[in-house]
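Chemist:
In the working numbering, the protein residues as written are 44 to 577.
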């Protein structure tokens, strides 16, 4: 559902500017239809050509796939010559969006005495249809296009973009969730250059603010309103910006089901979004399954943040960072608010997407720096402040190479083998060949750990070969404090110390510093500091 809707908005709000300067409005409309078809849409509408102005009434853009159909209807579009070698495109009326898709029907729990299905082939799964509807309002919108047929620049201005959607809650249920939002002072441009049968695009945008709100009621199914509740959610970002590039191949693909083929043909996408601040709040109220009140409310926010996504046949990359994040929540079952703050948080991921015999790079990195909790949380288990409450940090940085036996976006990847049972999971297409632990580090409650190393994988991924080296500081002191606080009994701590001694040894002259070398050898054996442990 998400991918067809996202491409709908792209094609209809930005793609409408794929018009040609020094051409007639009829040619502009024709170009828009071709542009939409390149992204898998069928386009229809009633056309009235008055020469200098072309009007399309009830323009419908439809994408149909195996899982369902998404359509967007625009009451009226006008294409008007400006008299200065440009074309002005305006959307009139509210854009209506309708997405209908099928999902597996909920299955009732089988009785305990139900006969075993054995190895018989499972019956075809029942499906139900789910529907998402909504409108998009673009008052005073304008798109102005200039350039040449081979090199087009279109600039758009949307003083307000408001959306109002109704989302389904779960399969087989009539309850829905209303989602509304507004983007203000949205402006931007996109340049499309014909190249190798496709289009090379560069784009940029900015908006003063973007906000979204959910105000939902959930009906209860139990006696006395058990299970019922309400939810209010609001989030807003300020000074939103976006830049990016894209390249389309000279072929038409349904990106909902043919993304793997499109990437192999040359589709690429690289975009970065930033915002200056994020502020949000939520409040939920209701009754649990036993009819008891359950209430919570809170707020969250962050400072400057950025998100980058890139995709091509070379891989799928994601990178995000945020500064000065914080959150606070109160719950009716707790006597104090829960709050925490993070100075800096970031994540990075790279995955191969195209199958091949050669190993391809992958990466996963995560940094949590400056994590602090409120004293109310600390006092739950450390009322006498025996543990240091300094900001904690966590770093995970992994990279390596793997062989992909199946395209990551192949729809068949989500389907179990035909001869497998109903609960069988699809076979993983990801076979690691090497793993580099660049850094795994933790600094919290007065203890530090730092691990690095490399591993190589042969035909059996469960038997790597390589070494991991670690250094640890403050662990013995932390254990002593946990015993003194009564959080861990002395008998259990003795067992933990014995286990730690198997894998780590003290540094000469520094009893609270430990080192460890874990070696994985051929055949599956494991050595810790030269002693075989497996």
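Built from N, CA and C at the ideal position, the CB exists for glycine as well.
As the structure is a prediction and not an experimental result, all values here were calculated from the model.
Are the beta-carbon atoms belonging to residue 324 and residue 346 less than 8 angstroms from one another?
Modeler: No, Cβ-Cβ distance for residue 324 and residue 346 is not below 8 angstroms.
Chemist: Just confirm the distance between the C-beta atoms of residue 300 and residue 109, as a whole number of angstroms; I'd bet it's less than 8 angstroms.
Modeler: Confirmed, Cβ separation roughly 6 angstroms.
Chemist: Quick one, are the C-beta atoms of residue 557 and residue 549 less than 8 angstroms apart?
Modeler: Yes; because the gap between Cβ atoms is below 8 angstroms, this pair is in contact.
Chemist: Going along the chain, which residues of its own chain have a beta-carbon closer than 7 angstroms to the beta-carbon of residue 222, five neighbours each way excluded?
Modeler: Cβ within range, chain order: 208, 210, 255 and 257.
Chemist: So, at 6 angstroms on beta carbons, what are the nonlocal neighbours of residue 572 in its own chain, with the 5 sequence-adjacent residues on each side left out?
Modeler: These residues qualify, in order along the chain: 548 and 560.
Chemist: Can you give the Cα-Cα distance for residue 64 and residue 71, rounded to whole angstroms?
Modeler: Below a pLDDT of 50, predicted positions are generally treated as unreliable, and residue 64, at 42, falls in that range; the measurement from the model is reported next regardless. Cα to Cα, residue 64 sits roughly 8 angstroms from residue 71.
Chemist: Going straight from the alpha carbon of residue 512 to that of residue 562, what length do you get?
Modeler: C-alpha separation (whole angstroms): 9 angstroms.
Chemist: Residue 225 and residue 205 - do their beta-carbons sit closer together than 8 angstroms?
Modeler: Against a cut-off of 8 angstroms, the Cβ pair of residue 225 and residue 205 comes out as a contact.
Chemist: Report back the beta-carbon spacing between residue 129 and residue 187 to the nearest angstrom; my notes put them in contact at under 8 angstroms.
Modeler: Sure, about 6 angstroms apart at Cβ, within 8 angstroms.
Chemist: Between 433, 358, 403 and 127, which lies nearest to residue 416 when the distance is taken from Cα to Cα?
Modeler: Of the candidates 433, 358, 403 and 127, the one whose C-alpha sits nearest the C-alpha of residue 416 is 433.
Chemist: Are the stretch 331–339 and the stretch 483–492 touching by the rule of at least three beta carbon pairs closer than 8 angstroms?
Modeler: No, because fewer than three Cβ pairs between the stretch 331–339 and the stretch 483–492 fall closer than 8 angstroms, the two stretches do not touch.
Chemist: Suppose you measure from the CA of residue 305 to the CA of residue 407; what does that come to, to the nearest Å?
Modeler: Distance between the alpha carbons of residue 305 and residue 407: 25 angstroms.
Chemist: Whose CA, out of 544, 449, 481 and 480, lies closest to the CA of residue 472?
Modeler: Measuring from the Cα of residue 472, the nearest candidate turns out to be 449.
Chemist: Enumerate, from N- to C-terminal direction, the unbroken beta strand (DSSP E) stretches of 3 or more residues contained entirely within the stretch 383–422.
Modeler: Qualifying beta strand (DSSP E) stretches, in chain order: 403–416.
Chemist: By the DSSP assignment, the alpha helix (DSSP H) with residue 75 in it spans what residues?
Modeler: Segment 68–81, the alpha helix (DSSP H) holding residue 75.
Chemist: Using three-state DSSP, classify residue 211 as helix, strand or coil.
Modeler: Reduced to three states, the DSSP call for residue 211 is strand.
Chemist: For the 8 angstroms Cβ check, are there 3 or more pairs between the stretch 352–363 and the stretch 371–380?
Modeler: Because the criterion of three Cβ pairs below 8 angstroms is not met, the stretch 352–363 and the stretch 371–380 do not touch.
Chemist: Cβ of residue 316 within 8 angstroms of Cβ of residue 349?
Modeler: Taking 8 angstroms as the Cβ cut-off, residue 316 and residue 349 qualify as a contacting pair.
Chemist: Kindly indicate the opening and closing residues of the alpha helix (DSSP H) around residue 120.
Modeler: Note, residue 120: premise wrong, no alpha helix (DSSP H); beta strand (DSSP E) at 111–124.
Chemist: Who are the Cβ neighbours of residue 247 in its own chain at under 7 angstroms, not counting the five residues just before and after it?
Modeler: Hits under 7 angstroms: 231, 232, 285 and 286.
Chemist: To test your reading of the DSSP string, which unbroken alpha helix (DSSP H) runs of 4 or more residues are found completely within the stretch 522–566?
Modeler: Those alpha helix (DSSP H) runs which fall completely within the stretch 522–566 and span 4+ residues are 533–546.
Chemist: For residue 502, count neighbouring C-beta atoms within 10 Å of its own C-beta (all shown protein chains included) and say buried if the count is 16 or more, exposed if not.
Modeler: Counting Cβ neighbours within 10 Å, residue 502 comes out exposed, since fewer than 16 surround it.
Chemist: Less than 8 angstroms separating the beta-carbons of residue 496 and residue 555?
Modeler: Their beta carbons are not under 8 angstroms apart, which means residue 496 does not touch residue 555 by this criterion.
Chemist: Look up residue 573 in the DSSP assignment and say whether it is helix, strand or coil.
Modeler: DSSP places residue 573 in coil when its eight states are reduced to three.
Chemist: Compute the Euclidean distance between the alpha carbons of residue 308 and residue 506, then round it to the nearest angstrom.
Modeler: So the two alpha carbons sit approximately 37 angstroms from each other.
Chemist: If you draw a straight line from the alpha carbon of residue 69 to that of residue 281, how long is it in whole angstroms?
Modeler: Computed Cα separation, rounded: 39 angstroms.
Chemist: Let me know if residue 465 comes out buried or exposed under the rule of 16 or more other beta-carbons within 10 Å of its beta-carbon.
Modeler: Because residue 465 sits at a pLDDT of 49, beneath the cut-off of 50, its placement in the model cannot be relied upon, and the following sentence gives the value as read from the coordinates. Answer is exposed; the Cβ neighbour count stays below 16.
Chemist: Does the separation of the CB atoms of residue 273 and residue 344 fall below 8 angstroms?
Modeler: Their beta carbons are not under 8 angstroms apart, which means residue 273 does not touch residue 344 by this criterion.
Chemist: On a CA-only basis, which of 437, 476 and 510 is nearest residue 492? Give me that one, please.
Modeler: Ranking 437, 476 and 510 by Cα distance to residue 492 puts 437 first.
Chemist: Look at the Cβ atom of residue 482, then the Cβ atom of residue 440, and state whether they are nearer than 8 angstroms.
Modeler: It is a contact, given that the beta carbons lie within the stated cut-off.
Chemist: Can you name, in chain order, every residue of its own chain whose Cβ lies under 8 angstroms from the Cβ of residue 444, other than the five neighbours on each side?
Modeler: So the qualifying residues of the chain are 402, 403, 404, 405, 475, 476 and 477.
Chemist: Do residue 384 and residue 369 have their CB atoms nearer than 8 angstroms?
Modeler: Yes.
Chemist: When you compare only the Cα positions, how much space is there between residue 213 and residue 259?
Modeler: Answer to the nearest angstrom: the Cα atoms are 14 angstroms apart.
Chemist: Taking the alpha carbon of residue 115 as the point to measure from, which residue in 124, 453, 125 and 102 has its own alpha carbon closest?
Modeler: When each option's Cα is compared against that of residue 115, the closest is 102.
Chemist: Is the CB-CB distance between residue 498 and residue 508 below 8 angstroms?
Modeler: Yes, the Cβ-Cβ distance between residue 498 and residue 508 is below 8 angstroms.
Chemist: Report all residues from its chain with a CB closer than 6 angstroms to the CB of residue 355; omit the five preceding and five following residues, and keep chain order.
Modeler: Same-chain partners within the cutoff: 311.
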